[in-house]
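Note that the protein sequences, when read in sequence, are chains R and A. Residues are numbered in my numbering as their position in the first sequence, beginning at 1, plus a constant of 1108. Residues are numbered in my numbering as their position in the second sequence, beginning at 1, plus a constant of 209. So the structure is just underneath, and the comments pick up after that.
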Amino acid sequence: KAGVTQTPRYLIKTRGQQVTLSCSPISGHRSVSWYQQTPGQGLQFLFEYFSETQRNKGNFPGRFSGRQFSNSRSEMNVSTLELGDSALYLCASSQQPNLSGANVLTFGAGSRLTVL
Amino acid sequence: QKEVEQNSGPLSVPEGAIASLNCTYSDRVSQSFFWYRQYSGKSPELIMSIYSNGDKEDGRFTAQLNKASQYVSLLIRDSQPSDSATYLCAVIPVSGSARQLTFGSGTQLTVLP
Chain R
1109 KAGVTQTPRY
1119 LIKTRGQQVT
1129 LSCSPISGHR
1139 SVSWYQQTPG
1149 QGLQFLFEYF
1159 SETQRNKGNF
1169 PGRFSGRQFS
1179 NSRSEMNVST
1189 LELGDSALYL
1199 CASSQQPNLS
1209 GANVLTFGAG
1219 SRLTVL
Chain A
210 QKEVEQNSGP
220 LSVPEGAIAS
230 LNCTYSDRVS
240 QSFFWYRQYS
250 GKSPELIMSI
260 YSNGDKEDGR
270 FTAQLNKASQ
280 YVSLLIRDSQ
290 PSDSATYLCA
300 VIPVSGSARQ
310 LTFGSGTQLT
320 VLP
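Next up, the structure:
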């Protein structure tokens, strides 16, 4: 069973540009969450999607947005990039939104974004 | 106060010893607790989940939960150099509207051969 697939794995952008990251969840998983990981702040929750609807959103500015498609694939977008957006962006999927028992969160390899 | 707190380490133990990793959380009604392992340059992978007070064992790993003390720990017995990684404690807080995983900052473990 294929895991969570994220593309691209690495990318370099300059300030002011925008970026779109893609995530394909594990087959059968319908919930997708996005996290930002930086050395200073650790892993921080960005947002969660289920059935093409955003269920939860973390404490990030409106420059960070996302969406989910009918096949459960998800994209996140960051507009007007800032130096501080340099981070590892991790996508994770689960069968359902409420994590418990066998319904756990599995992470993809991440997309490492560098903003120059 | 951070929602999930861990000693950042680094924690060094000799091969074959028991490594003890600790985590405290602030939301006293939290119900679900997880330990993830993250190797350098890799993504976090789930190694244990625990939902009830007491101990839960899986191979060399034992998770311990004490809800009254708002404390969850991970013991690694017979530590191996391959266990060297950052261990992340994660909690789902019940209060508030967002039921997302909230992570601690992680404890870096080094197992010395």
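For every residue, glycine included, the Cβ atom is placed at its ideal position computed from N, Cα and C.
Residue burial annotation: arginine 246 of chain A is buried, with at least 16 other C-beta atoms found within 10 angstroms of its C-beta. Within the segment 1152-1182 of chain R, the complete beta strand (DSSP E) segments at least 3 residues long are 1161-1165, 1172-1176, listed from N- to C-terminus. With respect to the C-alpha of glycine 263 of chain A, the residue from A:Ser291, A:Ala272, A:Asn216, A:Val222 having the closest C-alpha is A:Ala272. The alpha-carbon of serine 1141 of chain R is positioned some 8 Å away from that of leucine 1198 of chain R.
Within its own chain, the residues whose Cβ lies closer than 7 Å to the Cβ of glycine 225 of chain A, once the five positions on either side in sequence are excluded, are Asp287, Ser288, listed in chain order. Residues of chain A with a Cβ closer than 9 Å to the Cβ of alanine 1217 of chain R are, in chain order, Lys251, Ser252. Around the beta carbon of tyrosine 248 of chain A, fewer than 16 other beta carbons sit within 10 angstroms, so the residue counts as exposed. In this structure, the beta-carbon distance from cysteine 1131 of chain R to serine 1182 of chain R falls below 8 Å. Counting other Cβ atoms within 10 Å of its Cβ, threonine 1222 of chain R stays below 16 and is therefore classed as exposed. Residue pairing from DSSP places glycine 1150 of chain R in a beta bridge opposite R:Thr1146. For isoleucine 1120 of chain R, the enclosing beta strand (DSSP E) begins and ends at 1118-1121. Chain-order list of chain A residues neighbouring serine 1178 of chain R: empty, with the shortest C-beta distance near 23 Å, by a criterion of under 7 Å. The segment 218-234 of chain A makes contact with the segment 311-320 of chain A; the number of CB pairs closer than 8 Å reaches 3 or more. Put simply, of R:Ser1178, R:Val1112, R:Arg1117, R:Lys1121 the residue whose alpha carbon is nearest the alpha carbon of glutamine 1162 of chain R is R:Ser1178.
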